[in-house]
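Numbering-wise (the numbering used here), the sequence shown opens with residue -1 and increments by one.
For glycine and all other residues, C-beta sits at the position ideal for the given N, C-alpha and C.
For reference, the structure is listed below as structure tokens.
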Amino acid sequence: MSERLLFVTGKLAEHSLHRVLEQMQPADFRYTVRQLGVSVAALMTTDMIGRRLAHTAADRVIIPGRCRGDLSALTRTLGVPVERGPDDLKDLPQYFGVEETGADLSRYDVRIFAEIVDAPRMGIAAILAKAAAYRADGADVIDIGGLPNTPFPHLEEVVIKLRSAGYRVSIDSMDPDELRRGARAGADYLLSLTEYTLDIVDENPAIVPVLIPSEPGDLGSLERAMAAMEASGRDYLADPILDPINFGFTDSVARYRELRQRHPRTQVLMGIANVTELMDADTAGINAILMGMACELHITNILTTQVSPHARCAVAEADLARRLMYAAREYRSLPRGFGSGLLALHERVPFPYDAEEIAELAKQVRDPSFRIQVSAAGIHVYNRDGLRTGTDPFALYPAL
-1 MSERLLFVTG
9 KLAEHSLHRV
19 LEQMQPADFR
29 YTVRQLGVSV
39 AALMTTDMIG
49 RRLAHTAADR
59 VIIPGRCRGD
69 LSALTRTLGV
79 PVERGPDDLK
89 DLPQYFGVEE
99 TGADLSRYDV
109 RIFAEIVDAP
119 RMGIAAILAK
129 AAAYRADGAD
139 VIDIGGLPNT
149 PFPHLEEVVI
159 KLRSAGYRVS
169 IDSMDPDELR
179 RGARAGADYL
189 LSLTEYTLDI
199 VDENPAIVPV
209 LIPSEPGDLG
219 SLERAMAAME
229 ASGRDYLADP
239 ILDPINFGFT
249 DSVARYRELR
259 QRHPRTQVLM
269 GIANVTELMD
279 ADTAGINAIL
289 MGMACELHIT
299 NILTTQVSPH
309 ARCAVAEADL
319 ARRLMYAARE
329 YRSLPRGFGS
339 GLLALHERVP
349 FPYDAEEIAE
359 LAKQVRDPSF
369 RIQVSAAGIH
379 VYNRDGLRTG
389 TDPFALYPAL
């Protein structure tokens, strides 16, 4: 008869725990899950578990790895063995020796517009090369940006060449004439129209406009443009505009939430480059946060670019972030344990071995070759002649 296991967890992790355990089946145990009314499992203590669980018919109890307290006392209270599982429930398959299948990151529901901001100054070949790089990184639409007071004589040719190569194309310009020219050449989307420039789309029934407020922060003007498109039966995307930090960022985030509350089914676009480009911070984490916000608000279109040197991987990061956030939402989980592709500065588990474990390994070495491992205690260098540990690698050399 297979062993009966009881898994203790909190509210936030309950659905994820069920999903992970289901994916581990068939296994050599049967299981039940008890959620003890605490939001975060790590806040539970063994005393709390003993009071709230009282008794169990299981053969063994598995509590969260970050739950602290005396396991022997809890074992006596419950009358069955109690042990800590891994710190992260995503590591349960490895904990039980089950091969992990991994999350499905093939799915997403966010369309990425990747802007070529200086297209008027680029030749056709250079634009096609950049479009190919963007598509390889995950872009779905190539956005051709116009520049103020800069002629763009080859705009039509750019659109035709891109469309012939299989790209979907958008035109982003404040010049109505450039928008018209791009539309006539066969562009799929036009950015950014206001209630005063909607006549451009009347000339091009197949094109999808991206609507913005006629004045910064004016949701009313955006809603009037939306109403006009709906009255004519036209598809459109709405963009309240995400502002840079210190220039209205927080208020602009609130506008996206307000727009979603007022119009739950509207297709929304969020231009994220105002944040990724205009701040000296690594873009991987910024893209993760912004895509998480898009996931919660069901924003299914984002516009990004790669201009600043520190943002040169923004499209690929946005692609991975949309997949991670989609998977986390489908799993009804926190966005943890779905891959480490957006961890650039710190490993999720930086030190797989502690100092004591490394010391045990060092005792087994019988040859002169050096092994180097790192733990929270520092750098460990060892061979058959002994183990040296320190925090300054250069201080270790004289002893080797």
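Where residue i sits in the DSSP three-state scheme
{"i": "E98", "result": "Legend: pLDDT at E98 = 48, less than 50; position of this residue unreliable, value from coordinates given subsequently. Of the three classes helix, strand and coil, the one that applies to E98 here is coil, per DSSP."}
{"i": "G48", "result": "helix"}
{"i": "L10", "result": "coil"}
{"i": "L3", "result": "strand"}
{"i": "D141", "result": "strand"}
{"i": "L240", "result": "coil"}
{"i": "Y165", "result": "coil"}
{"i": "N285", "result": "helix"}
{"i": "R327", "result": "helix"}
{"i": "Y395", "result": "helix"}
Chain D within 9 Å of residue i, Cβ atoms only
{"i": "A124", "result": "In the displayed structure, chain D is absent; only one protein chain is listed."}
From the options, residue whose alpha carbon lies closest to that of residue i
{"i": "P146", "options": "T387, A123, D175", "result": "D175"}
{"i": "A325", "options": "F349, P348, E294", "result": "E294"}
{"i": "R58", "options": "Y351, A71, R2", "result": "R2"}
{"i": "M70", "options": "D86, V266, R64, G48", "result": "Sequence check: residue 70 is Ser here, not Met. Here the closest residue by C-alpha is G48."}
{"i": "H308", "options": "D278, V156, D141", "result": "D278"}
{"i": "S168", "options": "Y329, L257, S190", "result": "S190"}
{"i": "G184", "options": "V199, S338, R232", "result": "V199"}
{"i": "Y93", "options": "Q265, M22, K159", "result": "M22"}
Inter-residue CB distance, residue i and residue j (contact presumed, cutoff 8 Å)
{"i": "A55", "j": "T7", "result": "Not really, about 18 Å apart at Cβ, beyond 8 Å."}
{"i": "G121", "j": "V157", "result": "About 15 Å; that fails the 8 Å criterion."}
{"i": "E193", "j": "A229", "result": "E193 to A229, Cβ: 12 Å. No contact."}
CB contact flag (residue i, residue j, <9 Å)
{"i": "L340", "j": "N285", "result": "yes"}
{"i": "I61", "j": "T44", "result": "yes"}
{"i": "G83", "j": "A117", "result": "no"}
{"i": "G335", "j": "D89", "result": "yes"}
{"i": "Y165", "j": "A129", "result": "yes"}
{"i": "A357", "j": "R320", "result": "no"}
{"i": "D135", "j": "D317", "result": "yes"}
{"i": "I239", "j": "R260", "result": "no"}
{"i": "I300", "j": "I114", "result": "no"}
{"i": "A360", "j": "G384", "result": "yes"}
Boundaries (first-last residue) of the beta strand (DSSP E) holding residue i
{"i": "G231", "result": "No beta strand (DSSP E) contains G231, which DSSP labels as neither H nor E."}
{"i": "V208", "result": "206 to 209"}
{"i": "E81", "result": "80 to 82"}
{"i": "Q371", "result": "369 to 373"}
Where the alpha helix (DSSP H) containing residue i begins and where it ends
{"i": "G384", "result": "Looking at the DSSP string, G384 is not in any alpha helix (DSSP H); the run it does join, the beta strand (DSSP E), is 384 to 388."}
{"i": "I158", "result": "153 to 162"}
{"i": "S70", "result": "69 to 76"}
{"i": "S250", "result": "247 to 260"}
{"i": "E113", "result": "No alpha helix (DSSP H) contains E113, which is instead part of the beta strand (DSSP E) from 109 to 114."}
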